[in-house]
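So the number in the working numbering is just where the residue sits in the sequence shown, counting from 1, plus 184.
Even for Gly, the Cβ is constructed at its ideal location relative to N, Cα and C.
Predicted, not measured: the structure shown is a model, and the values here were computed from it.
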Amino acid sequence: MALSGRIREAHRGLRAGARAALLAALLVAITACSGTTFVYNRLDTILPWYVDDYVDLDSPQRQLLDQTLQPFLRWHRQQELPRYVALLAELDADLDRPVTASEVAAVFNDMEVAWLRLEKESLEWLLELGANLSEAQVQEFLAYLRERQQEYEDDYLTRTEAEYREETYDSFAESLRDYLGKLTPAQRERLRLASAALERSDAAWLAERAAWLDRLAVMLQRQPGWQQRVRDALARRGETQSPRYRQVYEHNLQVVFGAVADVLNERTEKQDRHLRAELAALREDLETLIAQGAPAPAKSG
């Protein structure tokens, strides 16, 4: 699946557990989806394409983006990729014994922390770019976000209960098939039960997203100190979420943690080999990327 598709799917709130894992592995996901280090090594070219989806940049702005991306990408390769390699090694070791829901939750928390680091670092080049946008470009950006909000509302809020359950199941099953291969009937039934136990999250998520867009529109009037206000708003976003949103989110996380643990513990020998091979391949790709970014040894004499 393309990176953009995975990120959009993650944001939809259909996979509470997979959401943070995918977001935390934003750049890792490019490698995982492509099956090669080719894409990662060209992020300095590719990321501006994604920015262009939101706002049209002129030539000086593109040059600025190119410059500000370099330290961010260097940080990610040198500091974050080794963390991902260590986490993958821990995951592989954990598979040697039965997995508990609390252990799945611990992995989720590690991923969430990784996402917060990524978000904090990427915010700086986004804010620098934002300071150089014209008012027309800011309005173009906000219009795009509101258009996407309307599309999400049209797509998700019109679903019947049966459609919602089927889509959550399909999304959940697809994510696990990527790493386990074909699921057994018992595993599929466990995911059906998990889908049935989820509290519907689309309305709560969309309401939170709409409220954030309203706050963002005010901050992007770019009055003095606006960049720090954006940083503060992101850091405190958990405090501004409604109790209902947090309740649904926490409930769904617990449902997903339990389902993931059960499916992993029910995996066949073939699925175990498939899973470990996927983790090993991803780990190898990451180690290759780390080595490619290592400074060249100094020449002697």
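Query                                                                                                                                                                     : Result
Using a 10 Å radius around the Cβ and a threshold of 16 neighbouring Cβ atoms, would you call residue 331 buried or exposed?                                              : exposed
Sort 313, 255, 324 by Cα distance to residue 302 and report the nearest one.                                                                                              : 255
Which of the three DSSP states, helix, strand or coil, is assigned to residue 239?                                                                                        : coil
For residue 196, count the other beta carbons within 10 Å of its own beta carbon; 16 or more makes it buried, fewer makes it exposed. Which is it?                        : Low local confidence applies: a pLDDT of 38 at residue 196 is under 50, so the model's placement there is unreliable, with the coordinate-based value given in what follows. That one is buried.
Counting only runs of 3+ residues fully inside the stretch 275 to 331, write out the beta strand (DSSP E) ranges in chain order.                                          : none
Taking C-beta to C-beta, are residue 279 and residue 467 nearer than 9 Å?                                                                                                 : no
With the cut-off set at 9 Å, would you say residue 166 and residue 459 are in Cβ contact?                                                                                 : With the chain running from 185 to 485 in the structure shown, residue 166 is simply not present.
May I have the straight-line CA-CA distance separating residue 248 from residue 235, to the nearest angstrom?                                                             : 13 Å
How should residue 335 be labelled, buried or exposed, when 16 other C-beta atoms within 10 angstroms of its C-beta is the threshold for buried?                          : exposed
How would you call residue 261, buried or exposed, if buried means at least 16 neighbouring beta carbons within 10 angstroms?                                             : buried
Is residue 461 helix, strand or coil by DSSP?                                                                                                                             : helix
Can you tell me where the alpha helix (DSSP H) with residue 424 in it begins and where it stops?                                                                          : 421 to 424
Whose C-beta lies closer than 7 Å to the C-beta of residue 384 among residues of the same chain, with five residues either side of it excluded?                           : 348
What is the DSSP secondary structure of residue 369, reduced to helix, strand or coil?                                                                                    : helix
Counting only the same chain and skipping the five closest in sequence on each side, list residues whose C-beta sits under 7 Å from that of residue 449.                  : 282, 283
Using the Cα positions of residue 410 and residue 311, report the straight-line distance between them to the nearest angstrom.                                            : 9 Å
Go ahead and label residue 442 buried or exposed: buried means 16 or more other beta carbons lie within 10 angstroms of its beta carbon, across all protein chains shown. : buried
Quick check: what's the CA-CA separation for residue 434 versus residue 382?                                                                                              : 10 Å
If you draw a straight line from the alpha carbon of residue 388 to that of residue 402, how long is it in whole angstroms?                                               : 22 Å
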